[in-house]
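For reference, the structure discussed in these notes is given below.
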Amino acid sequence: MNETVTTLIERRRRECATAMKTDAARAAIALHGTPVLLLDPSIVVRQYTRLRDALPFVRFHYAVKACAHPAVIAALAEAGCDFDVASGEEIALLDDHGVLDGGSARARVIHTHPIKKDAEISEALAAGIRTFVIDNEAELEKFRRVGVPGVDLLVRLAYRSPHAGSDLSSKFGVSAERAEELVARADAVGLDVAGFSFHVGSQLDDPARFAAAIRETDALMQRLEVARGRRFTLLDIGGGFPVAYNRPVADLEEIARAIRPVLAPLAERYRILAEPGRVLVAESALLVTSVDGVADRPDGRWYYLDDGLYGSYSNVLTEGVHPLVFAERDLHGSASPRRTATLAGPTCDSADVIARECDLPALAVGDLLVSPVMGAYTSVTATRFNGRPFTPVAVLTPVRLPAGVMSRLA
Ligand SMILES: Cc1ncc(COP(=O)(O)O)c(C=O)c1O
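In structure tokens form, the structure reads like this:
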């Protein structure tokens, strides 16, 4: 990794400058005003292609929760990417895009929420989904009651990663010992545990941890295969690939280099799946905001923007993201005079602060600001707190949407 914080910020500044100069971006800002998210689905396809090239023996199921915009789903569906869902609404979205057509849900869609209502299981089964995740006996019991043959269950393992942006094993997943008990229980009631899944933690900048989790899971699978005289067929390595927001991280090729030697030989024994979210969509969107207010407080200059933590900058709250925020006037060379300032969101909540001690030129009401890397866990986790509307998403590059989706967007 040759990038430094300085060169990363410079690269991000150039990316924002290039995008903001395009006719599509100018037209979107003229049409919607601010705030507006500028989404480029071609970047999502680029990221999918990078993943596929780096790990050709893995089937990638995009975790729809990261960004459920129709243009993202359409672009990935057309590129041949598969999907990972967690709710009925996400399944309906895929249905709109023809992903479930002709019985293809069985191969193309997995349901990875470890806790589901009976009705949600039935809905997913009716849509043709046959791969589900469990991590407790109550969930196993739900599948026993439903009694649909041909369901592949994955037992989710917990690998704690306190240094990940979001340690997903603090809420879900079981130890190897509990997993063994769940497999025994499933065997006893005639359900098929096809394999195991895990999520090393979202935004995990630690290639060795990815490799260790794969090694540990394979060791468990091999041990259980011998102990129980059976074969497993699926290994799901989850998501977690990190993205460079305000500091360099291991890029996906670097993570692939670390896990390939462990994973490639396993592809001869198991079907290998992954559920990436953030790495596919984060870099595909820029957020453009403007300054609504300026105030000098005892701790310095404050700029109040028209989007904040309860809107598109929800990633600051839910994901611990430190977004870069460029003044538009800085995009083509540093404007002066400069001062440090606090950037706050538009709601009345004093917690609604996007960033502190930002180095910015002097700004006035109406000036534009741009944040890169705003495609993941932003629009999907935004709220309407304080009666503020959701930030519109403008799609910068053409993507073919199914007719039904077009009419609903119109
Ligand atoms: C079950 C599951 N799979 C995949 C993902 C996507 O993870 P990431 O965005 O870190 O790739 C998540 C994120 O919350 C998840 O909960």
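When you line the sequence shown up against the numbering used here, it's residues 15 to 424, in that order.
The beta-carbon is built from N, C-alpha and C at its ideal position, and this holds for glycine as well.
Bear in mind that the values here come from a model prediction, so they are computed numbers and not experimental data.
- In this structure, V160 lies near L139, with their beta-carbon atoms less than 8 Å apart.
- Between V257 and R292, the alpha-carbon positions lie close to 7 Å from each other.
- Scanning the stretch 109-171 from its first residue to its last, the whole beta strand (DSSP E) runs of 3-plus residues come out as 123-125, 145-148 and 166-171.
- Assignment of T303 by DSSP, reduced to helix, strand and coil, places it in the strand class.
- Taking C-beta atoms under 8 Å as the contact rule, G322 and G380 fail to qualify, at a distance of about 17 Å.
- DSSP lists no beta-bridge partner residue for D321.
- With fewer than 16 other CB atoms across the displayed protein chains lying within 10 angstroms of its CB, V162 is exposed.
- Residue burial is scored here from C-beta neighbours: C95 has at least 16 other C-beta atoms within 10 angstroms and is therefore classed as buried.
- In this chain, the alpha helix (DSSP H) harbouring H46 covers D37 to H46.
- Within the stretch 206-274, the runs of alpha helix (DSSP H) that reach at least 4 residues and sit entirely inside it are, in chain order, 221-242.
- In chain order, V78, A82, P84 and I87 place their CB closer than 8 Å to the CB of L107, counting only its own chain and leaving out the 5 sequence neighbours on each side.
- Counting along the chain, V99 sits inside the beta strand (DSSP E) bounded by residues D96 to V99.
- Taking 8 Å as the upper bound for CB-CB distance, S298 and V58 are in contact here, some 5 Å apart.
- Non-local C-beta neighbours of P351 in its own chain, meaning closer than 6 Å and more than five positions away in sequence, comprise A376, ordered along the chain.
- For T397, the secondary structure class from DSSP, reduced to helix, strand or coil, is coil.
- At a cut-off of 7 Å, the beta-carbon of D219 does not count as near ligand 1: no heavy atom of the ligand is closer than that.
- Between D149 and the set H127, R237 and A222, the nearest pair of CA atoms involves H127.
- Taken through DSSP and simplified to helix, strand or coil, A193 comes out as helix.
- For H75, DSSP records a beta bridge to D96.
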